[in-house]
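Take any residue in the sequence shown, note its place counting from 1, add 145, and you have its number in the working numbering. Quick reminder that beta carbons are idealized off the backbone N, C-alpha and C, glycines included.
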Amino acid sequence: MARMTGAQITLESLQREGVDTIFGYPGGVVLPLYDTLPQFPGLRHILVRHEQGAAHMADGYARASGRMGVCLGTSGPGATNLVTGICTSWMDSTPVFALTGNVGRALLGKDGFQEADITGITHSITKHNYMCMNANEIALAIREATHIATTGRPGPVLVDIPKDVFQEETEFEWPEQVSLRGYKPTTEGHAGMIRRAAEIIDQAKRPIIIAGHGVIWGEAHKELVELAEKACIPVITTFLGIGAFPEEHALSYGWLGMHGMFYANMAADYADVVIGVGMRFDDRAMGRFKDFNPTAKIIHIDIDPAEIGKNFKPVVPIVGDVKRVLPKLMEETKQQTRNEWLRWIDQQREEHPTLHIRESRRMLPQAVIRSLYEETQGNATIVTGVGQHQMWAGQHYFYKRPRQLISSGGLGTMGFELPGAIGAQVALPGQEVWAICGDGGFQMTMQELAVLVDEQLPVKIAILNNGYLGMVRQWQQLFYDKNFVSVAMTQPDFCKIADAYGIRAIRVEHKNEVELALREARNHKGPMLLDFQVDQEENVWPMVPAGAALSETIEAPAEELAR
146 MARMTGAQIT LESLQREGVD TIFGYPGGVV LPLYDTLPQF PGLRHILVRH EQGAAHMADG
206 YARASGRMGV CLGTSGPGAT NLVTGICTSW MDSTPVFALT GNVGRALLGK DGFQEADITG
266 ITHSITKHNY MCMNANEIAL AIREATHIAT TGRPGPVLVD IPKDVFQEET EFEWPEQVSL
326 RGYKPTTEGH AGMIRRAAEI IDQAKRPIII AGHGVIWGEA HKELVELAEK ACIPVITTFL
386 GIGAFPEEHA LSYGWLGMHG MFYANMAADY ADVVIGVGMR FDDRAMGRFK DFNPTAKIIH
446 IDIDPAEIGK NFKPVVPIVG DVKRVLPKLM EETKQQTRNE WLRWIDQQRE EHPTLHIRES
506 RRMLPQAVIR SLYEETQGNA TIVTGVGQHQ MWAGQHYFYK RPRQLISSGG LGTMGFELPG
566 AIGAQVALPG QEVWAICGDG GFQMTMQELA VLVDEQLPVK IAILNNGYLG MVRQWQQLFY
626 DKNFVSVAMT QPDFCKIADA YGIRAIRVEH KNEVELALRE ARNHKGPMLL DFQVDQEENV
686 WPMVPAGAAL SETIEAPAEE LAR
């Protein structure tokens, strides 16, 4: 066994766990780690401009690749700046490893310069976290943390290491096996429950599958298609479940929820059997809980037992890995045709064409997204922030594969778009990655444009610039009697900002310029920014008002369609 410093053990352990990239920002207590980095040429360090960007980049990297993303911050504000990104990963079940430094052991608890109790702060938003008080604890902590982050329901972890522990020498011993008492995720579904679920599905007249993010993390998209085809069950997804089922498939009926497709909401509300797969029946998707389809029989399949029965009590709960459960469920179900049920949903789609884009003299933001879809032939990876642009990106770009749409769902984090896209591009070199941005959210993390230049990453940026915090403005218009308060934004010249970083940019002011601008950006070898001056007052439809049921979904009023 070789003697190593704590810093060397940290980097060696991460490398043994397959880590190839660290998104980080240096500071005093992590300087021993940075001093050691050149000894590990297999670890690529990407210098961010704010630690929140590092956490979002690690998150985007993880979602795009399916592997754990790693972010690094110094003590105090460096660590606390990671918190929003860690919480984003927590809410969306993303395996992110946050590595933080802390003040030396002698200063802990004494309010030393840049001290923060980051393990206490992140206790409720990590699957587990560690503080290593001796160098000989580091390897085991990293081994266990990585195992926790990437198994069962994925999620973020944090390892905090005081400065002098990085400098301390000890014998390096790598723990090949991990055994954590009390942490044994259930992967195999209960056979009796699976048989019972199959019986209910076979007897159903109007079954529907709601597929969530867990199908993507479980790599179970092929198994989902096979089950749906055999039992002839229409499939809708949650917003984060987009891509879990190919949207061009005949059994695909879009996604449900607050801004989901009208016909998806109606189908979910009218089904006699609802099969939730790798999803958590959250309020954004299901509307008012007590009035969601009260007569439906609910089958819930999820790897996290804490989600089963949390919001809805299923008649059949199945705890297990969806990739293992779905094939067994398919074996137990009968071959079916459900033409009458499919015709009913098709009729709803025909009568309520959510995805129709009206003719307008203005540049409609949803038309920009549709043009991007057509130009890229649906092959790009799309990363969004949060707000109206996020919903239009979900509605009007059609996704063929898992991990193609990357967005902050549960926490709803504005500013995710640019750093998330950077992480995705690092994970997917050579692939086309677009950051779809709101003008408000873009300004929260736009300093990360520097990373695009430093790392020569060809991320394309499309800002849907309406001069407002668009979703807030929409709510104030619809529910607060048009009392517009603090939503109009005086914007900087985004093209000049991009130019200041050395990034090519175009302002697109007329709808007949959209396709040409998109084509130019796609042909440009480096990063490029497009500032689309879209209609300022366009709203996202359909909409389930906050606190309403899916059956109360509102479509666009006639006066808006006439604009």
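Can you check whether the CB of residue j is closer than 8 Å to the CB of residue i?
i      : j      : result
Ala525 : Glu577 : yes
Leu182 : Leu156 : yes
Leu674 : Ala643 : yes
Ala709 : Leu471 : Within the shown structure, residues of the chain are numbered from 146 to 708, placing residue 709 beyond reach of any answer.
Gly532 : Gly560 : no
Gln197 : Gly230 : yes
Arg708 : Asp676 : no
Ile353 : Ala412 : yes
Arg194 : Val596 : yes
Phe358 : Gly423 : The residue asked about is misnamed: residue 358 is His in this sequence, not Phe. Going by C-beta atoms, His358 is nearer than 8 Å to Gly423.
Ser238 : Arg298 : yes
Ile443 : Val467 : no
Thr291 : Glu495 : no
Thr267 : Tyr206 : no
Ala203 : Gly568 : yes
Gln636 : Val604 : no
His404 : Pro687 : yes
Tyr408 : His497 : yes
Leu227 : Ala199 : yes
Kindly indicate which residue of the options has the alpha-carbon position closest to the one of residue i.
i      : options                           : result
Asn421 : Phe677, Leu401 and Gln492         : With the sequence shown as reference, residue 421 is identified as Gly, and Asn is not the correct amino acid for it. Here the closest residue by C-alpha is Leu401.
Val380 : Val418, Gly363 and Met403         : Val418
Ile355 : Arg425, Phe311, Ile287 and Ala207 : Arg425
Lys479 : Met403, Glu374, Ile490 and Ile448 : Glu374
Val304 : Val241, Ile346, Leu325 and Ile361 : Val241
Thr150 : Thr291, Lys272 and Ile306         : Ile306
Glu393 : Val370, Thr383, Met236 and Asn610 : Val370
Leu661 : Ile581, Thr267 and Ser516         : Ser516
Ile191 : Gly169, Arg469 and Gly211         : Gly169
Arg351 : Thr440, Gly399 and Ile387         : Thr440
His201 : Asp466, Gln492, His358 and Pro301 : Pro301
Asp347 : Lys367, Arg326, Val360 and Ile378 : Ile378
Phe258 : Arg250, Thr264 and Gly265         : Arg250
Ala209 : Met431, Ala409, Ala416 and Trp362 : Trp362
Ile446 : Met431, Ala243, Gly465 and Ala430 : Gly465
Pro180 : Ala152, Met616, Tyr206 and Ala243 : The residue asked about is misnamed: residue 180 is Asp in this sequence, not Pro. Checked all of Ala152, Met616, Tyr206 and Ala243; the closest Cα to Asp180 is Ala152.
Gln666 : Val460, Ile453 and Ile648         : At residue 666 the sequence reads Ala, which differs from the Gln that was named. Ranking the options by Cα distance to Ala666, first place goes to Ile648.
Arg503 : Gly615, Thr271, Ala147 and Ala701 : Ala701
Leu385 : Ala538, Val228 and Ile154         : Ala538
Arg664 : Trp579, Thr698 and Glu682         : Trp579
Glu658 : Val679, Pro672, Leu602 and His669 : Val679
Glu368 : Lys473, Asn456 and Ile387         : Lys473
Ala566 : Gln621, Lys641, Pro672 and Asp256 : Pro672
Glu682 : Gly615, Glu704 and Thr264         : Gly615
Arg488 : Asn456, Leu396 and Glu452         : Leu396
Asp428 : His497, Ala349, Glu704 and Gly555 : Gly555
Leu325 : Gly334, Glu289, Thr295 and Ala343 : Glu289
Val248 : Ile263, Val174 and Lys272         : Val174
If residue i and residue j are in contact, beta carbons under 8 Å, what's the gap, nearest whole angstrom?
i      : j      : result
Phe437 : Asp414 : 7 Å
Val689 : Leu609 : With a Cβ gap of about 22 Å, Val689 and Leu609 do not count as contacting.
Ile581 : His534 : 5 Å
Gln619 : Asn684 : 5 Å
Thr219 : Pro171 : 7 Å
Thr718 : Arg469 : In the structure displayed, the chain extends from 146 to 708; residue 718 sits before or after that span and is not available.
Ile293 : Cys232 : Contact flag wrong, Cβ pair sits at about 17 Å.
Val360 : Ala389 : 4 Å
- request: Examine the Cβ distances between the stretch 630-638 and the stretch 541-554 and report whether three or more of them are shorter than 8 Å.
  value: no
message: Pairs of beta-carbons, one from the stretch 501-517 and one from the stretch 473-484, closer than 8 Å: are there three or more?
response: no
- prompt: Would you call the stretch 271-281 and the stretch 207-222 touching, i.e. three or more CB-CB distances under 8 Å?
  reply: no
- prompt: Which runs of the alpha helix (DSSP H) fall wholly inside the stretch 278-310 and span at least 4 residues, in chain order?
  reply: 283-295
- prompt: Do the stretch 219-235 and the stretch 578-593 meet, that is, are 3 or more Cβ pairs less than 8 Å apart?
  reply: no
task: Tell me, please, whether the stretch 525-539 touches the stretch 549-559 by the rule of three or more beta-carbon pairs shorter than 8 Å.
output: yes
message: Any contact between the stretch 513-521 and the stretch 686-702? By contact I mean 3 or more CB pairs, one from each, below 8 Å.
response: no
field: Stretch pair the stretch 296-313 + the stretch 338-355: three plus CB contacts closer than 8 Å
entry: no
message: When you compare the stretch 279-290 with the stretch 312-326, are there three or more beta-carbon pairs, one atom per stretch, that lie closer than 8 Å?
response: yes
- request: Scan the stretch 238-272 and note each continuous beta strand (DSSP E) run of 3 residues or more that stays entirely inside, going in chain order.
  value: 241-247
task: Ignoring anything shorter than 4 residues or poking outside the stretch 163-206, list the alpha helix (DSSP H) runs there in chain order.
output: 176-181
task: Starting from the N-terminal side, write out each stretch of the alpha helix (DSSP H) that is 4 residues or longer and does not extend beyond the stretch 510-573.
output: 510-521, 533-541 and 562-572
message: I'd like the ranges of any beta strand (DSSP E) spanning at least 3 consecutive residues and lying wholly in the stretch 650-701.
response: 673-678
query: Which whole runs of the beta strand (DSSP E) in the stretch 392-443 are 3 residues long or more, in chain order?
result: 397-400 and 418-422
query: Whole alpha helix (DSSP H) runs in the stretch 216-240 with 4 or more residues, listed along the chain?
result: 222-225 and 228-237
task: Write down every uninterrupted run of the alpha helix (DSSP H) in the stretch 446-517 whose length is 4 residues or greater and which is fully enclosed by it, in chain order.
output: 467-477 and 484-496
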